[in-house]
Amino acid sequence: MLTLKLALRTLARRKGRMILIGSLVAFGTFLVVFGTTVASSASRASRESIIRNFTGDFIVYSERSRDLPSPFAFNTPLPAIRDSAAVEAALAAMPEVEAYAPYAQNYGLIQAERAGKKLELPFIFYAVDPATYPQVFENAKMEEGAFFAEGTRGVAISRFQNEQYAKNYGATLEVGEPLTLLGITEGGVNTARSSLSGIFSARRYKSVFDYINFMDSATYAQLYNYSGVKALPADLDAGLAAAAQDEAAVFGLADADFGSLDLGALESEALSGSTMIAVRLKAGADADKAMASLLAVPGLGVKAARWDEASGFYAQIAKALQGFIYLATALVFLVVALIFTNTLIINVTERTAEIGTMRAIGAERSFVRGIFLAEALVLNLAASLAAMAAAGVAIAAFGKGGLPLPETVSQFLIGGGPLELRASPLPFLQALAAVLLVSVLATIYPVRVAMSVTPLKAMAER
Amino acid sequence: MKVVELTDVHKHYMLGQTRVDALRGVSLGIEKGEFLAISGPSGSGKSTMLNMFGCIDAPTSGKVVIDGAEVEKLGDKELTRYRRTKIGFIFQSFNLIPVLSVYENIEFPLLLRRDLSAAGRKELVTRFVEEVGLGDRMRNKPNELSGGQRQRVAIARALVTGPAIVLADEPTANLDSETGVRIVELMRRINETEKTTFIFSTHDAHIRREARRVVSILDGRIVGDEGSEG
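Those protein sequences? They're chains A and B, same order as listed.
The first sequence lines up with residues 1 to 462 when you count with the working numbering.
The second sequence lines up with residues 1 to 230 when you count with the working numbering.
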């Protein structure tokens, strides 16, 4: 009680200096609470945006792929998943899986006719299954027409893309318009008939989805030659299976009567051509565990990458912001600690006679330590509590309306729009811990100096 | 009964490269209830001797016994406790705690002892505030008092714990002569009524005359001891 009384009155007596220190501590605390809330909210919003727009919780892709999946690699698509149906069946059997959507990415041309002249309009696209894609992703908001319906064929383009066509080719596409699609493959250019089913605008990540369009996966498989044979004759199939087990059996295949293989009797099978399957998990499910249990299924021939591995630099932006805020906070607290230490040393020097007098009268060293610790804690806790209240008010003020961010920053960070701030107790506890730590650390040296003051200093005061 | 006994005490310290012999073989005994002045010019060793009595400095050699305890054998904590219970200090510059009121400054050493109830402390503090004539200034801070009033607070603070000895280092040096005389008269009155041992250093001849015993010191040696019963 005596220690606290002395601390409070000493702080009041040295108002100017203490207000300066208190302001710095308050600034640091505000930065911890508000900055960390912004960073964690941005991190959460970024994660949700990426998962809902690009990757799902994880992406399954071919084990033959040398690269990580990237939703933006249109010029170098990944190898197709060999048996997409088997992977989908395995995913369907997993209780933690909410939904999954096989898709591929590529580029092609849309051929449209205007005034008797054929225009070839380039476009990059996701080839998707309309039945599953909207269950995983919510990136397209239809403005005209509709997303192609389940079991139908069609193309949906972005409004921005259509505006670019108008700007660069002097033509826009109309909903319902028949189109010829051109797919460029190693064997040449394939064509497929389709129509423009709708025009959409991007809900988020306009800088990405303004340029991405959609095509149904059946048209895609046709356009890019994704087809196979439904079933081989039983003896050839058995021979191939044996050859897979035993190298010598490969030579046995040469003895088989291939001349009798009736090619006309073989039934073709359309393959999806999917290069990726995005998987959404139920709330609370662990992505790593789900990935491990999928990969434990034998014979799927796939690998899996978490959302943050598969989203390229987008996931790194929020982490970088978080790192920047932590670094800035650490620097502020370092400066606070240095200034505070310095001020306390000046205080000790100015109060040498007072400390010496207390020691002469019978105060123990621990009492002197208590006074300086109490001064540091009272000042810093008061300043940090005030700053926490201010940060709490600021967070509440932005509330659901969100913190407005410059659009460019927002697009890269969370896909656009204001950042919804969500308060949690953690930043407040972190701030409290930081202030306590700084108070104690900054006091160690000045307290040692104060405790070394002998009662002789009281006598020396003239 | 001797409350202070110095036997062949030497004290030297280094001032840069120069050795300063502050005390050179001082032996002195002080009886309980004495009112003793240590007199001498600046640098003669008065304050060093007082520091020995106050357990805030240790001799280079020799023996210092305060109220029966040999102080060289006590550790820092024991010395602190010893000062808290046995010794009262009055400083030349008063050395009051600036953020505490008159009442709180006097109460301060009692709070350090932690062996008295609030009521017990209040009774003692009130008694000594009245004793030094500051009953109407109890709530004032030191900076609201005159020099003489501050020294009265310091006297009350030194006496409130009932110490075996009260040490006063040049208690009148920062006061005008009239106030100085009144302060010494107050100390003497308390010495007579409370039987508290007072040891004070001074080089003021007028103040020295108030003492019943005057020990003169020069160049670290006792050169006179007037009024000693021994």
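We put the beta carbon where it would ideally sit given N, CA and C, even for glycine.
Which class does residue i belong to by DSSP, given the choice of helix, strand or coil?
i                 : result
Gly116 of chain A : coil
Ala211 of chain B : coil
Lys457 of chain A : helix
Lys46 of chain B  : helix
Thr80 of chain B  : helix
Lys141 of chain B : coil
Val3 of chain B   : strand
Thr132 of chain A : coil
Leu74 of chain B  : coil
Tyr226 of chain A : coil
Gly187 of chain A : coil
Asn213 of chain A : strand
Gly230 of chain B : Here Gly230 of chain B scores only 46 on pLDDT, less than 50, and its place in the model should not be relied on; the value that follows carries that caveat. Reduced to three states, the DSSP call for Gly230 of chain B is coil.
Met94 of chain A  : coil
Met276 of chain A : strand
Asp88 of chain B  : The amino acid at residue 88 of chain B is misidentified as Asp; the sequence shows Gly. Gly88 of chain B falls in the strand class under three-state DSSP.
Thr329 of chain A : helix
Val9 of chain B   : strand
Leu134 of chain B : coil
Val175 of chain A : coil
Ile81 of chain A  : coil
Leu11 of chain A  : helix
Leu218 of chain B : strand
Could you give the residue range of the alpha helix (DSSP H) that holds residue i?
i                 : result
Phe108 of chain B : Val102 to Arg113
Ser125 of chain B : Here the sequence assigns Val to residue 125 of chain B, which means Ser is not the residue at that position. Its alpha helix (DSSP H) spans residues Ala118 to Glu131.
Ile51 of chain A  : From DSSP, Ile51 of chain A is part of no alpha helix (DSSP H); its letter is neither H nor E.
Arg369 of chain A : Arg365 to Phe398
Ile59 of chain A  : First-last for Ile59 of chain A: Phe58 to Ser62, but that is the beta strand (DSSP E), not the alpha helix (DSSP H).
Leu159 of chain B : Gly147 to Leu159
Leu295 of chain A : Ala287 to Leu295
Leaving out five residues before and five after residue i in sequence, what residues of the same chain have Cβ atoms less than 7 Å from its Cβ?
i                 : result
Ala318 of chain A : Ala42, Ser43, Ser46 and Leu413
Ala394 of chain A : Phe34
Gly230 of chain B : Residue placement at Gly230 of chain B is poorly supported in this model, since its pLDDT is 46, which falls under 50; the coordinates still yield a value, given next. Only Gly29 meet the Cβ criterion.
Ala431 of chain A : Thr29, Val32, Val33, Ser384 and Met388
Glu420 of chain A : Ser41, Ala45, Lys400 and Gly402
Gly100 of chain B : Before going further, note that residue 100 of chain B is Leu rather than Gly in the sequence given. The residues are Phe108.
Roughly how far, in whole angstroms, is the beta-carbon of residue i from the beta-carbon of residue j, given that I think they are within contact range, below 8 Å?
i                 : j                 : result
Pro102 of chain A : Asp129 of chain A : 6 Å
Val336 of chain A : Leu24 of chain A  : 5 Å
Ile106 of chain B : Phe89 of chain B  : About 13 Å; that fails the 8 Å criterion.
Val214 of chain B : Ala37 of chain B  : 5 Å
Ala164 of chain B : Lys77 of chain B  : No, Ala164 of chain B and Lys77 of chain B are not in contact; Cβ-Cβ is about 19 Å, not under 8 Å.
Leu145 of chain B : Val153 of chain B : 7 Å
Gly22 of chain A  : Ala376 of chain A : At roughly 11 Å, the Cβ-Cβ gap does not stay under 8 Å, so Gly22 of chain A and Ala376 of chain A are not in contact.
Ile39 of chain A  : Ile325 of chain A : A small fix is needed here, since residue 39 of chain A is Ala in this sequence, not Ile. Yes, Ala39 of chain A and Ile325 of chain A are in contact; Cβ-Cβ is about 5 Å, under 8 Å.
Glu354 of chain A : Ile97 of chain B  : 6 Å
Ile81 of chain A  : Val409 of chain A : At roughly 36 Å, the Cβ-Cβ gap does not stay under 8 Å, so Ile81 of chain A and Val409 of chain A are not in contact.
Ser217 of chain A : Ala127 of chain A : 5 Å
Met49 of chain B  : Val26 of chain B  : 6 Å
Confirm the yes/no value for this check: CB of residue i, any heavy atom of the ligand MG, distance under 8 Å.
i                 : result
Pro109 of chain B : Among the components modelled here there is no ligand, and therefore nothing to report on the ligand MG.
To which residues of the same chain is residue i closer than 6 Å at the C-beta, ignoring the five residues directly before and after it?
i                 : result
Asn225 of chain A : Thr185
Val447 of chain A : Arg369 and Phe372
Leu266 of chain A : Val229
Ser49 of chain A  : Arg204, Ile414 and Gly415
Ser44 of chain B  : Ile217 and Leu218
Gly183 of chain A : Gly108, Asn190, Leu223 and Tyr224
Ile59 of chain A  : Pro69, Met276, Ala278, Ala305 and Ala310
Glu120 of chain A : Leu109 and Gln111
Apart from the five residues on each side of it in sequence, which residues of its chain come closer than 8 Å, Cβ to Cβ, to residue i?
i                 : result
Ser195 of chain A : Arg153, Gly154, Val155, Gly176, Glu177, Pro178 and Leu179
Ser93 of chain B  : Asn174
Asp288 of chain A : Arg306
Arg9 of chain A   : none
For the beta strand (DSSP E) holding residue i, just list the boundary residues, first then last.
i                 : result
Arg19 of chain B  : Thr18 to Glu31
Tyr165 of chain A : Unbroken run through Tyr165 of chain A is the alpha helix (DSSP H), Arg159 to Tyr169; no beta strand (DSSP E).
Ser201 of chain B : Thr197 to Thr202
Ala146 of chain A : No beta strand (DSSP E) contains Ala146 of chain A, which DSSP labels as neither H nor E.
Lys63 of chain B  : Ser61 to Ile66
Ile165 of chain B : Ile165 to Asp169
Leu36 of chain B  : Phe35 to Ser39
Ala302 of chain A : As written in the sequence, residue 302 of chain A is Val, which differs from the Ala given in the question. Per DSSP, Val302 of chain A belongs to the beta strand (DSSP E) from Val302 to Arg306.
**Validate contact between the stretch 140-149 of chain B and the stretch 188-203 of chain B using beta carbons, cut 8 Å, 3 pairs** = no
**Request:** Check whether the stretch 167-178 of chain B touches the stretch 107-116 of chain B, taking contact to mean three or more Cβ pairs, one atom from each stretch, closer than 8 Å.
**Result:** no
**Asked** Taking one C-beta from the stretch 55-62 of chain A and one from the stretch 277-286 of chain A each time, how about it: are there three or more such pairs within less than 8 Å?
**Response** yes
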